[in-house]
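Asks:
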Amino acid sequence: MERTEQELLKRSKEITQNYLQFLDRHISEVVSGKLLDFMEINEIAARLFVSHKHLTDTIQKETGHHPCYFYDFKIIEQAKCMLLENDRSVAEVAKKLTYDPSNFSKFFKKFVGQTPGLFQKENKSSEKFTTK
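What the sequence shown shows, in UniProt numbering, is residues 1 to 132, in sequence order.
1. With a CB to CB cut of under 6 Å and the five nearest residues on each side skipped, what residues in its chain are close to E29?
2. From the DSSP output, in three-state form, read off residue 135 for me.
3. If contact is defined by three or more beta carbon pairs under 8 Å, each pair taking one atom from either stretch, is the stretch 56-66 in contact with the stretch 78-96?
4. Just to confirm the assignment, what range does the alpha helix (DSSP H) spanning M39 have?
5. Please tell me whether A45 and H54 are closer than 9 Å, where the distance is taken between their beta carbons.
6. The alpha helix (DSSP H) with Y69 in it runs from where to where?
7. In whole angstroms, what separates the C-alpha of Q17 from that of R11?
8. So what does DSSP say about K13, is it helix, strand or coil?
9. Using the beta-carbon count (16 or more within 10 Å), is T4 buried or exposed?
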């Protein structure tokens, strides 16, 4: 039985949505300590019952971005939140996110344009001004 173009588009959106929801849960599980490390994209694809290639092609076609883009983006967003809460050090945030602190700083700077320490310092100080 051949699928119609509309069914394929619907399935494509479903796969993309499932992937993004999976990332949110997965990152939360790593941060909470339920999981010790992040999964590879091929492992995530298997959990979503699609091949690595199909997942990659579908996400790319649906969004214009590779699945890694969303993975990294969501990790960075989590890191930003963690850097601004409870006076956590950059090293603590890095370890919670399963990174070596120096690798984490490079990763963060690549996406945000500044080191996590500078991000934390600038945003915590601006936060103090906005709460007065």
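Quick reminder that beta carbons are idealized off the backbone N, C-alpha and C, glycines included.
Replies: With the structure as the only source:
1. L35
2. The requested residue 135 is not part of the displayed model; the chain covers only 1 to 132.
3. The stretch 78-96 is not in contact with the stretch 56-66.
4. For M39, no alpha helix (DSSP H) encloses it, and the DSSP letter there is neither H nor E.
5. yes
6. 67-84
7. 10 Å
8. helix
9. exposed
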